[in-house]
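Remember, my numbering sits 1 above the position in the sequence shown when you count from 1. Read the structure below first, then the notes.
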Amino acid sequence: MPEELIEEVVKLNPDIKVVILVRNPIERAWSHAKLALMRKPGKKLDEVSPQRFEKFFRDQYEVDCGHYTRILSNWTAALKEGNLFVGN
């Protein structure tokens, strides 16, 4: 979530409590790639080209999804102390 949107959410509810669950970043990225690239029912992993996977993993949105330190920093900066829980 962009910082500006986080700030808007917190502005709407200054007492909001946020739960962020993190996964192993490689497992998260792989799971997301399979979900996105194999949406068609019955599609097999070997039907997706290595180039398509590479393009997916280089997409800036995908890179940002795995940047946990930035995500946590953005939320921590906007929330009241004690209103962020991080788990796995």
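All residues carry an ideal CB built from backbone N, CA and C; glycine is no exception.
Check                                                                   : Outcome
First and last residue of the uninterrupted alpha helix (DSSP H) at L36 : P26 to L38
Residues that V87 bridges to, as DSSP identifies them                   : I21
C-beta atoms of V20 and L80 nearer than 8 Å                             : no
Rounded C-alpha distance that separates A78 from D60                    : 26 Å
Buried/exposed call for W31, threshold 16 Cβ in 10 Å                    : exposed
Pairwise C-alpha distance: L22 and G83                                  : 16 Å
Proximity of R40 and G67 at Cβ, strictly below 8 Å                      : no
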